[in-house]
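Residue numbers (the numbering used here): 358 to 545.
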């Protein structure tokens, strides 16, 4: 997983540490390590409010292996170096389908070796029929992190960023202001 900055401001220190762990594991489970820049969370148990800001690298429009990777010829096949681990699952599925599992080997976090394959042919292989939807994976990430009982939600999407305010109660204007400040803050 790439270096992701995760910042938690919580009125409950132990709870904040647990949400940081949940965020780390969820990013890993969803294979989003190369796509997420940072996750900022503000947790106020006493109010109750949970605000999360996820900043990510947009990778839209990459529907073929040629778009999503660098492909070079090797002695007995080709090496594919993916631009992001977000494409890994779809790339492996597509390559296994075309060449079989015995000819496809993941040799690194972002590298795949395919025995006896033609680089030009591999460049045209579609990663997925519907194309890649990073936003749905980011939304899934947020859903996994936000506490289950916090059903009242307000979300705001900007280019490369999603902010969600979640609570058990109606969203207050003061929480929107906190979210706006969290969006602008850089805790690097």
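By construction, the Cβ of each residue, glycine as well, lies at the ideal position given by its N, Cα and C atoms.
message: For residue 443, which residues in the same chain have their Cβ closer than 8 Å to its Cβ, ignoring the five residues on either side in sequence?
response: 388, 389, 391, 392, 416, 489, 491, 494
- request: Decide if the region 397-413 is in contact with the region 508-519; the criterion is three or more beta carbon pairs, one per stretch, under 8 Å apart.
  value: yes
message: Count Cβ pairs between the region 521-530 and the region 370-378 that sit closer than 8 Å; are there 3 or more?
response: no
Cβ contact check for the region 427-438 and the region 469-483: 3 or more pairs under 8 Å: yes
- prompt: Could you give the distance in angstroms between the alpha-carbon of residue 446 and the alpha-carbon of residue 513?
  reply: 28 Å
Exposure of residue 509, with buried meaning 16 or more beta-carbon neighbours within 10 Å: exposed
Buried/exposed call for residue 402, threshold 16 Cβ in 10 Å: exposed
task: Could you check which residue in 482, 362, 504 has the C-alpha nearest to that of residue 420?
output: 482
task: Rank 380, 539, 455 by C-alpha distance to the C-alpha of residue 479 and give the top, closest one.
output: 455
- request: Specify the secondary structure class of residue 472 as computed by DSSP and reduced to three states.
  value: strand
message: Quick check on this structure: which residue in 370, 372, 477, 526 has the alpha carbon closest to the alpha carbon of residue 427?
response: 477
message: On the CB-based measure, 16 or more other CB atoms within 10 Å of its CB, does residue 386 come out buried or exposed?
response: exposed
task: Quick one: grab the DSSP three-state call for residue 507.
output: coil
- prompt: Name the DSSP beta bridge partners of residue 411, please?
  reply: 396, 519
Closest residue to residue 399 among 423, 369, 384 (Cα-Cα distance): 369
field: As assigned by DSSP and simplified to three states, the class of residue 482
entry: coil
query: Whose C-alpha, out of 542, 538, 540, 533, is nearest the C-alpha of residue 406?
result: 533
query: Nearest-angstrom Cα distance between residue 383 and residue 530?
result: 29 Å
message: Using the three-state DSSP reduction, which class does residue 428 fall into: helix, strand or coil?
response: strand
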